[in-house]
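Engineer: Going by UniProt numbering, 111 is the number at position 111 of the sequence shown; the sequence numbering is gapless. Note that CB positions come from ideal geometry on N, CA and C, so glycine has one too. Values in this document were obtained by computation on a predicted structure and should not be read as measured data. Take a look at this one; I'll ask things after.
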Amino acid sequence: MELPQRVSIIEVGPRDGLQNEKQLVPAQEKIKFIKKLKASGIQEMELTSFVSPKWVPQMSDAEQIIEHCLDDSTRNLVLVPNEKGVSRLLSSACKNAAFFVGVSNTFNQKNINKSTRDSMEELAPLIKDLKRNGFFVRACLSTAFYCPYEGKVDEQEVLALSEEFAALGVDELSVADTIGLANPQEVFELFSLLKHHLPSTLLIAAHFHDTRGMALANIFSALQAGIDRFDTSAGGLGGCPFAPGATGNVATEDAVFMLNRMGISTGIQLEPLLEAVEFIAPFVSRGLQSRQFLLSKTGKGALG
């Protein structure tokens, strides 16, 4: 079996993980959380998002987060959903942008009140402008496997949208199982298709939710398809208000433990990572359910 020797972890806890948390987490605590995550060896992270505070109050401190968390060599990503978000990004010191589009038209409509096609028409000039100005641009494809409203998503639709983003010059695609319904066979088939048809220079990341307990199996399947980049969330934080039943992302500590035990390097140390999870736990309203975190609480965790 041929698997990558090294995997890159993109930590999404501070943004994707906290954005739907009902309990407002103070900015200073988010900053401490981010710095603890970086201390564990994480090199790429979604810090925050430039969205309307009216719709996502948790992200109202975005500028403050950026001001205090760019003082290192890590790739710090900020979600910019539209032109207003890009304008705020350009006024900051951050040079890494992430955009989100739902492959499912219904999901996109429910999420941002625009069709997938309308979203692409709005984002295309923004992406081109950012690339001309030397930004790293990441495109995140929601509902790439299943949609809570439309059901199974056609692989060819995912490929077509991916090719459209590639033509715009994005640096990376993050392909998401938003409602955690994909199985390992579907994961292998879709990522094999994307790897075969997309430019070899385009980074491809897999983004799995653990709604039905299949995220780690799906990571293993994606590895077999040649994927070596994964979005994960410390503590398994996350969810999606427009995807009924979607629970948190796969926990960073669970993914790191599995990969380390398989002899695949992540550059992340598990003990300080668990310390970061322990730190943020009191500030979130739901109990954290990651395996490694729960085992660490009992003293029975086998670190690796």
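Beta-carbon within less than 7 Å of Ile268's beta-carbon, same chain only, minus the 5 sequence neighbours each way: which residues are those?
Structural biologist: Here residue 268 is taken as the residue at index 268 of the sequence shown, counted from 1. Ile9, Ser40, Gly41, Ile42 and Val256.
Engineer: Which first and last residues belong to the alpha helix (DSSP H) in which Phe191 is found?
Structural biologist: By one-based count along the sequence shown, residue 191 stands at place 191. Taken as a continuous stretch (DSSP letters only), the alpha helix (DSSP H) holding Phe191 covers Pro184 to His197.
Engineer: Taking the C-alpha atoms as reference points, what is the distance between Asp61 and Lys32?
Structural biologist: What you label residue 61 is simply residue 61 of the sequence shown in a count that begins at 1. What you label residue 32 is simply residue 32 of the sequence shown in a count that begins at 1. Their Cα atoms are separated by approximately 14 Å.
Engineer: Please go through the segment 114 to 186 and give each complete alpha helix (DSSP H) segment of 4 or more residues, from N-terminal end onward.
Structural biologist: Whole alpha helix (DSSP H) segments, 4+ residues: 116 to 132 and 155 to 168.
Engineer: Report yes if the CB atom of Cys147 is closer than 7 Å to the CB atom of Phe100, and no otherwise.
Structural biologist: Here residue 147 refers to the residue found at position 147 of the sequence shown. Here residue 100 refers to the residue found at position 100 of the sequence shown. Result no, Cβ atoms of Cys147 and Phe100 do not sit closer than 7 Å.
Engineer: When you compare only the Cα positions, how much space is there between Glu11 and Phe230?
Structural biologist: In the sequence shown, counting from the first residue as 1, residue 11 sits at position 11. In the sequence shown, counting from the first residue as 1, residue 230 sits at position 230. Roughly 9 Å between the two C-alpha positions.
Engineer: Tell me the rounded alpha-carbon separation between Leu190 and Thr232.
Structural biologist: For the purposes of this step, residue 190 is taken as residue 190 along the sequence shown, with counting starting at 1. For the purposes of this step, residue 232 is taken as residue 232 along the sequence shown, with counting starting at 1. So the alpha carbons of these two residues sit roughly 19 Å apart.
Engineer: What does the alpha-carbon distance come out to for the pair Arg286 and Val277?
Structural biologist: Stepping through the sequence shown from its first residue, residue 286 is reached at position 286. Stepping through the sequence shown from its first residue, residue 277 is reached at position 277. Between Arg286 and Val277, the C-alpha separation is close to 13 Å.
Engineer: Which residue from Leu270, Thr266, Arg261 and Ser265 puts its Cα closest to that of Glu253?
Structural biologist: For this step, residue 253 is matched to residue 253 along the sequence shown. The shortest Cα separation from Glu253 among Leu270, Thr266, Arg261 and Ser265 belongs to Leu270.
Engineer: Per DSSP, His209 forms a beta bridge with which residues?
Structural biologist: Taking the sequence shown and counting its residues from 1, one reaches residue 209 at position 209. In DSSP, His209 forms a bridge with Asn249.
Engineer: Can the beta-carbon of Arg156 be found closer than 7 Å to that of Phe188?
Structural biologist: Locating residue 156 in the sequence shown gives position 156, counting from the first residue. Locating residue 188 in the sequence shown gives position 188, counting from the first residue. It is Gln, not Arg, that sits at residue 156 in the sequence shown. No, they are not a contact pair.
Engineer: With a threshold of 16 other CB atoms inside 10 Å of the CB of Gln23, please say whether the residue is buried or exposed.
Structural biologist: In the sequence shown, the residue the question calls residue 23 occupies position 23. Exposed, by the Cβ-count rule.
Engineer: Alpha carbon to alpha carbon, what distance is there between His197 and Asp171?
Structural biologist: As a working note, residue 171 is residue 171 in the sequence shown. As a working note, residue 197 is residue 197 in the sequence shown. Straight-line Cα distance between these residues: approximately 16 Å.
Engineer: Counting only the same chain and skipping the five closest in sequence on each side, list residues whose C-beta sits under 6 Å from that of Phe208.
Structural biologist: Here residue 208 refers to the residue found at position 208 when the sequence shown is read from its first residue. Cβ within range, chain order: Asp177, Ala215, Asn218 and Val250.
Engineer: Per the DSSP calculation, Met45 is bridged to which residue(s)?
Structural biologist: As a working note, residue 45 is residue 45 in the sequence shown. DSSP lists Glu11 and Asn76 as partners of Met45.
Engineer: Straight-line CA distance for Ser104 to Trp55?
Structural biologist: Taking the sequence shown and counting its residues from 1, the one referred to as residue 104 is at position 104. Taking the sequence shown and counting its residues from 1, the one referred to as residue 55 is at position 55. So the two alpha carbons sit approximately 21 Å from each other.
Engineer: Relative to the C-alpha of Ser296, which residue among Phe283, Leu273, Val284 and Pro282 is closest?
Structural biologist: Position 296 of the sequence shown holds residue 296. If we check each option's Cα against that of Ser296, Leu273 comes out closest.
Engineer: How big is the Cα-Cα spacing for Glu44 and Leu70?
Structural biologist: Counted from its first residue, the sequence shown places residue 44 at position 44. Counted from its first residue, the sequence shown places residue 70 at position 70. One C-alpha to the other measures close to 12 Å.
Engineer: For my contact list, Gly248 and Asp210 are in at a C-beta cut-off of 8 Å; report their separation, rounded to the angstrom.
Structural biologist: Here residue 248 refers to the residue found at position 248 of the sequence shown. Here residue 210 refers to the residue found at position 210 of the sequence shown. That belief holds up - the Cβ atoms of Gly248 and Asp210 are roughly 6 Å apart, short of 8 Å.
Engineer: In three-state terms, what does DSSP make of Asn82?
Structural biologist: Here residue 82 refers to the residue found at position 82 when the sequence shown is read from its first residue. DSSP places Asn82 in coil when its eight states are reduced to three.
Engineer: Mind checking which residues open and close the alpha helix (DSSP H) that includes Arg291?
Structural biologist: Taking the sequence shown and counting its residues from 1, the one referred to as residue 291 is at position 291. First-last of the alpha helix (DSSP H) with Arg291: Arg291 to Thr298.
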